[in-house]
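Q: Questions regarding the structure given below will be posed in turn.
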Amino acid sequence: MESHIAEITPHTGGVIGNAWLMIALPLVGAFILLVFNRFTNRWGHLLGVAMSLASFVVAVLAFFELLGLGAEERRRAVHLYEFIPGMVDMGLLIDPLSISFALLITGVGSLIHIYSIGYMAHDEHRRRFFAYLNLFVAAMLLLVLADNYVGLFIGWEGVGLASYLLIGFWQFKPSAAVAAKKAFVVNRVGDFGLLVGMFIIWTTFGTLTFKELGDQIQPGQTNGTMLAIGLLLLLGACGKSAQLPLQSWLLDAMEGPTPVSALIHAATMVTAGVYLVVRSGAFFFPEGSGAALAVAIVGAVTLLAGAIIGCAKDDIKKGLAGSTMSQIGYMMLGAGLGPAGYAFAIGHLITHGFFKANMFLGAGSVMHGMNDEVDMRKYGALRKVMPITFATFFIGYLAIIGFPLLSGYFTKDGIIETAVHHQPILGWLAVLGAGITGFYMSRMVFMTFFGQKRWADDAHPHESPLVMTVPLMILSLGSIFLGGYLVLSNRLLDFLAPAVGAPAERPEFHFTSTPGLATLALVAVGAGFAWMKYGRVEVPSVQPRGSFLTTFARRDLYGDALNESLFMRPGQWLTRLAVFFDNRGIDGIVNGLAAGIGGSSGRLRRVQTGFARTYALSIFIGAALLTGALLLVGNI
Amino acid sequence: MTTHYLVLSGILFAIGAMGVLIRRNAIVVFMCVELMLNACNLAFVTFSRQVGNLEGQIIAFFVMVVAAAEVVVGLAIIVTIFRTRRSASVDDANLLKY
Amino acid sequence: MSPWLPILMAVPVVGAVVVALLPKGSDKLAKQVALLVSLLVLVLTGVVAAGFKPSGDRFQYVAEYNWIPSFGVKFGVGVDGVALVLIALSAVLVPIVILASWHDADGVKTADGTLITPKRSVKTYFSLLLVLEAMMIGVFAATDIFLFYVFFEAMLIPMYFMIGSYGGAQRSYAAVKFLLYSLFGGLLMLVAVIGLYFVAGKQTFMFPELVGAIQDPAMQKWLFGGFFIAFAIKAPLWPVHTWLPDAAAQAPAGAAVLLVGVLDKVGTFGMLRFCLELFPEAAKAFTMPIVVLAVISIIYGAIVAIGQTDMKRLIAYTSISHFGFIVLGVFAMSDVAQSGAALYMVNHGFATGALFLAAGFLIARRGSPFISDYGGVQKVAPVLAGFFLVAGLAGLSLPGLSSFVSEFMVMIGTYSSQAHGSGALTVAAIISAVAVILAAVYILWMIQRTMNGPTAEPVKAFKDLNAREVWVLAPLVALIIGFGFFPKPLLDVINPSVQQTLTNVKVPTSTIAEKGTGQ
């Protein structure tokens, strides 16, 4: 592929040339908040919000500057500085793909910053929270803006770090500390794939920058090496995006404060895997290649797994987490379909960023009013006491189940239709997944906002302050309109085409296609089924035992059990064995050698009896032996 | 021609060595050492005569001087030990061990 | 003849004498003098570094004085890029260690409150530190192999006393183990040095003149073995590593930093300069076994680290894993990997130094090195916990921190190295990348058990870091982050001398540059 990337420097490039400001501003914010510590306690949160908003402004300006250019000129590489001499330079790639992400990250990120002012108002470490949020935004922007894999990887691990810090923000809870560590370690398994993938890329192509890779790789080119790279990158994407088999950390990650779940574990960070696949798509996941098929399969399997998990969770955040897994599965499925799927995958990513953040923040608003209760069996009938939260959450709900004309409808349907067209089996699995989505999301809404009160005695639910509800409203607007705007007349597709390539045939959006209608029917069935089980009848406030299938879903499809028996326990044994071997084996030999020498010399000294006549005898014998030896040799 | 002297020297040396090894009394051991030295002296003088130069005889003088010095020091030590430990047995003086 | 390097060595020696001669009871003055002297050395090192021209001669600031003329032994010093950055590392770490050890020489507190009193006086400790600094500079600056050997062995003396006289409960055992191990290796090296002198037959020990002097492959192998075993013990490489956890656990935190941060680097530095350049054929012949040992060190060190219950031992084992990376990089025979290895030596000094010192501050508050005695430190001492976290993250090579750049270069250089066919080194790189996962486990699990969770009862009385302690850790953290994003200044100095090394080993240095043709 001949890449049309213009190289510029900060001195020549206008806003785009100075796009590094997007990263630097929140980074400075995090730095100030962390280094100046408690001196910034009073205004720290405001600084955090300001830095995030400033970054958003830069992103918007850069976006419009990009729009002002011709479609084919919308890819700009900004050279910043020499990073590792002879290997890679640090630079940014501003193109439609990265700017879309930048807008989502800074836009939704800023809203969540604002929301957090209210949500974390009573937390004594609010300043630290905003420092971490700013750090996250900076790292995430580096991830999507970097023009090479090393910069991407730095951002990749930076968001991992921020995620670790924020999941463990209430680290005094052992469960939060364990969840944070688990998220980091599982992600590192994915990072292993990404690292080895980079080794191969560098060894094969001698470069790690996207531009130079684009110059070298012919479109559609595949061979064993490229397949290996693709699968390794997919492993990395699975870690970050909580796709099977590395999904287990995401549900535990809900230990973090809810805005974190909204920003990091729904809207942005977990979609980094999708970004990686789409960014590398032209190189290592060409349409129809084995690697792309693997991506699609992983996506399809995960979208079902996440949906099934979502069906059985009583913890509202874990239910949403299962849903996030599932929705990212859709994006992965789309990303595995080549350029035809990219626009829908990214579109779904953006709309999902809105409606899922909306619902997470709504859940946070509910928890805020319910003394941080997360068990939906203790909710019920909240729609009257929290009207705004209910309205916004309900919009998010309609969007995610794909209610016609809302955002999710367009983007998800786009993925499903493309999938049915390219990979029929996976496509129909996605249709099935949409039905399950209809069930578990309806279940969530019924259990939370409808039915009877099942509140704890000390719960006094109330609507949240404006600083929390206004972001909800803005996100709801996005949940309603964004999808249609992006998908209809292929706006997003055309915008992204210079960056990710255009599909062979332009998709047309059909409101009455077979898969689309089947999806709607299944969603209706799912929602109706949920109404029968959770809307019409009273929900028991204690979890019933449930069937085998329910337990299967409650236990996260035994993912943790599998990890524990396959990796953790053998790992513990191996560790103990190694420590034992080191102490008793290697050190045992060393100490044994020392003891042996000491012991034998202790025995040897017994020869010194103190009897002079014994010494005389030994001298005599020695002399006799010596004389005898000399006589034998014949030198005397 | 000088064989007899050498045989005598050997017998004296053997008697001295045996005495050193089996006797306990320090004075006797000491005298046995002197006997060995004198056996050596005899051998030196004999060889001197045999070879026909004076070096062996000179060495013998050296040995006598050393033996005299040894007697002085050695007897003094034995007397001192006897005074403190009331014994002249070499086996009783075995403190210098492991 | 440039007087700079001899001056650099003389200043701490003079300082050590002054500190040692101070009257009794002037402990505080001794600390202040020692700190000032070490800062002066740092400034002088800065001047030397500023005057170093990466594009100039390989050895700069060269000075030679006759020492034992009958054997051609000279007091010959000079620095190349790698030596320069390691000298700079020593010069940076010593003032930090002095500041960190302000109370280390007063005795070690145990968990039950008893004090293990040191065997020697406070001023002796700081005097020893300065002597050690002079020797560290000397060992990296020596261009005469005999002089290198002398410094290599003499360095043991101050360290022996620092562990044996100021350490924890088992200090004697640890100190003797450390000394015996090192002496054993040193002896083998002495034999090899003497052998080198006679076999080369050049009547000199000067390194530049001895490069390429040994041609016979069999002889190369024997001499290589002598040097390598000494360096492997020093580094330390599996299976001759067990002295390090004991020594590091028993030494006062400051001494442990210098031990792991600088002294052990002499081993890897020696491999890079002496083993490779003097005996290139032997180095190539032994590459595979050594790479295997290095990979075992990487994985084994990480796994054993996970299972440790003692914080200092844990950090020591992580270092064994990291030294495996350095050795792997040295013997991967590619410019990227070797530059990465040299950079790793510096970065590891900062990262492990910070981790040891932070752990030392933690241990000083509780008196116990055992992880299970802590919990919830973050709540009572957030600044301490924060520094501990950053140091820990540097230990697990988080991208954006300096150790990542070096680890990445080592692995990618090893993977792409063509020096030994392609397969074996490729596999080695992939296996070593598994350590990335293990590193997250050992660091984060330690942090979880010490810093997170409910606050343990004895921890509740902890005070957060005081100003002195912050000033100890802040420079290290700044360096870790700074070089994480801007490693160029170090790499620009390191790269030319690595290229020179590879030229002497006769490995084509442009294995990477010729690629990029695609497939």
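As they're listed, the protein sequences go chains A, B and C.
Residues in the first sequence are numbered consecutively from 26, following the numbering used here.
Residues in the second sequence are numbered consecutively from 5, following the numbering used here.
Residues in the third sequence are numbered consecutively from 50, following the numbering used here.
All C-beta atoms in this analysis are idealised placements derived from N, C-alpha and C, irrespective of residue type, glycine included.
Owing to the predicted nature of the structure, the values given are computational and were not obtained by experimental measurement.
Please work out which residues of its chain come closer than 8 Å, Cβ to Cβ, to PRO507 (chain C), disregarding the five sequence neighbours upstream and downstream, and give them in chain order.
A: ARG415, ASP422
Q: Taking only the alpha-carbon atoms, compute the straight-line gap between THR550 (chain C) and TYR393 (chain C) and give it to the nearest angstrom.
A: About 17 Å.
Q: Beta-carbon separation of MET238 (chain C) and ASP193 (chain C) under 8 Å?
A: No, these two residues do not count as a Cβ contact at 8 Å.
Q: In terms of residue numbering, what span does the alpha helix (DSSP H) encompassing LYS343 (chain A) cover?
A: For LYS343 (chain A), the enclosing alpha helix (DSSP H) stretches over residues 341 to 360.
Q: Can you look up ARG362 (chain C) in the DSSP assignment and give me helix, strand or coil?
A: Three-state DSSP puts ARG362 (chain C) in a helix.
Q: Exposed or buried, which one is LYS168 (chain C) when buried takes at least 16 other CB atoms within 10 Å?
A: exposed
Q: In this structure, how does DSSP classify GLU330 (chain C) when only helix, strand and coil are distinguished?
A: helix
Q: Which value, in whole angstroms, describes the spacing of the CA atoms of PHE161 (chain A) and HIS138 (chain A)?
A: 11 Å
Q: Quick check: is the beta carbon of ALA21 (chain B) nearer than 8 Å to any beta carbon in chain A?
A: Closer than 8 Å to the CB of ALA21 (chain B) there is at least one CB belonging to chain A.
Q: Taking 8 Å as the CB-CB cut-off, is GLY356 (chain C) touching chain A?
A: yes
Q: By DSSP's criteria, GLN109 (chain C) is part of a beta bridge. Which residues make up the other side?
A: C:VAL128
Q: Give the straight-line distance between the Cα atoms of ALA31 (chain A) and GLY441 (chain C), rounded to the nearest whole angstrom.
A: 40 Å
Q: Is there contact here, the stretch 460 to 472 of chain A with the stretch 547 to 559 of chain A, by at least three beta-carbon pairs under 8 Å?
A: yes
Q: What do you reckon, are the CB atoms on ALA127 (chain A) and LEU166 (chain A) nearer than 8 Å?
A: yes
Q: Name, please, each residue of chain A whose Cβ falls closer than 7 Å to the Cβ of VAL24 (chain B).
A: Chain A residues near VAL24 (chain B): ALA641.
Q: Of the residues C:SER104, C:ALA391, C:ALA59, which one's Cα is nearest the Cα of VAL86 (chain C)?
A: Selected option, being the one with the closest Cα: C:ALA59.
Q: Output, in chain order, the set of chain A residues within a Cβ distance shorter than 7 Å of TYR102 (chain B).
A: ARG630, ARG631, GLN633
Q: Whose C-alpha, out of A:ALA416, A:PRO532, A:ASP339, A:LEU358, is nearest the C-alpha of ILE450 (chain A)?
A: A:LEU358
Q: By the criterion of Cβ-Cβ separation under 9 Å, what are the contact partners of ARG638 (chain A) in chain B?
A: When 9 Å is used as the limit between beta carbons, ARG638 (chain A) is near these residues of chain B: VAL24, LEU25, ILE26, ARG27, ARG28, VAL33, VAL94, ASP95, in chain order.
Q: Below 7 Å between beta carbons is the criterion; list the residues of the stretch 478 to 499 of chain C that meet it against any residue of chain A, in chain order.
A: If the cut-off is 7 Å between Cβ atoms, the stretch 478 to 499 of chain C has ALA478, ILE479, ALA482, VAL483, VAL485, ILE486, ALA489, VAL490, LEU493, TRP494, GLN497 near chain A.
Q: What's the gap between the Cα of CYS36 (chain B) and the Cα of GLY624 (chain A)?
A: 39 Å
Q: Kindly confirm or deny that the stretch 378 to 392 of chain A and the stretch 408 to 417 of chain A touch, where touching means at least three C-beta pairs closer than 8 Å.
A: yes
Q: Taking DSSP as the reference, what is the three-state secondary structure of TRP116 (chain C)?
A: Strand, per DSSP.
Q: Specify the secondary structure class of GLY42 (chain A) as computed by DSSP and reduced to three states.
A: helix
Q: Using only alpha-carbon positions, find the residue among C:LEU377, C:GLY462, C:GLY350 that is nearest to ILE364 (chain C).
A: C:GLY350
Q: Does GLU27 (chain A) come out as helix, strand or coil in the three-state DSSP assignment?
A: Residue confidence for GLU27 (chain A) is low, a pLDDT of 45 falling below 50, so the modelled location carries little weight; the figure read from the coordinates is stated next. GLU27 (chain A) falls in the coil class under three-state DSSP.
Q: Taking only runs of the alpha helix (DSSP H) that begin and end inside the stretch 164 to 246 of chain C, which ones reach a length of at least 4 residues, in chain order?
A: Qualifying alpha helix (DSSP H) stretches, in chain order: 171 to 190, 194 to 203, 205 to 215.
Q: Check the C-beta distance from VAL668 (chain A) over to GLN268 (chain A) and give it rounded, since I have them as a contact under 8 Å.
A: Past the edges of chain A, shown from 26 to 661, lies residue 668 (chain A), and the structure says nothing about it.
Q: Nearest CA to the CA of LEU328 (chain A): which residue from A:ILE425, A:LEU454, A:THR283, A:ILE341?
A: A:LEU454
Q: Assign LYS590 (chain C) to buried or exposed, taking buried as 16 or more other Cβ atoms, counted over all protein chains shown, within 10 Å of its Cβ.
A: Only positions 50 to 568 of chain C appear in the structure, and residue 590 (chain C) is not among them; the question remains open.
Q: My assumption, with CB atoms under 8 Å, is that LEU205 (chain C) sits in contact with SER221 (chain C). Please give the rounded CB distance.
A: Contact flag wrong, Cβ pair sits at about 15 Å.
Q: Is GLU563 (chain C) helix, strand or coil by DSSP?
A: Here the model assigns GLU563 (chain C) a pLDDT of 40, short of 50, so the residue's position is not dependable and the matter cannot be decided.
Q: Within its chain, find whatever has a CB closer than 8 Å to the CB of LEU447 (chain C); leave out the 5 residues flanking it on each side and keep chain order.
A: PHE453
Q: Is it buried or exposed, ILE179 (chain A), if we count other Cβ atoms within 10 angstroms and call 16 or more buried?
A: buried
Q: Buried or exposed for ARG322 (chain C), please, with buried defined as at least 16 other CB atoms from any protein chain shown within 10 angstroms of its CB.
A: buried
Q: Does the separation of the CB atoms of GLN427 (chain C) and MET320 (chain C) fall below 8 Å?
A: no
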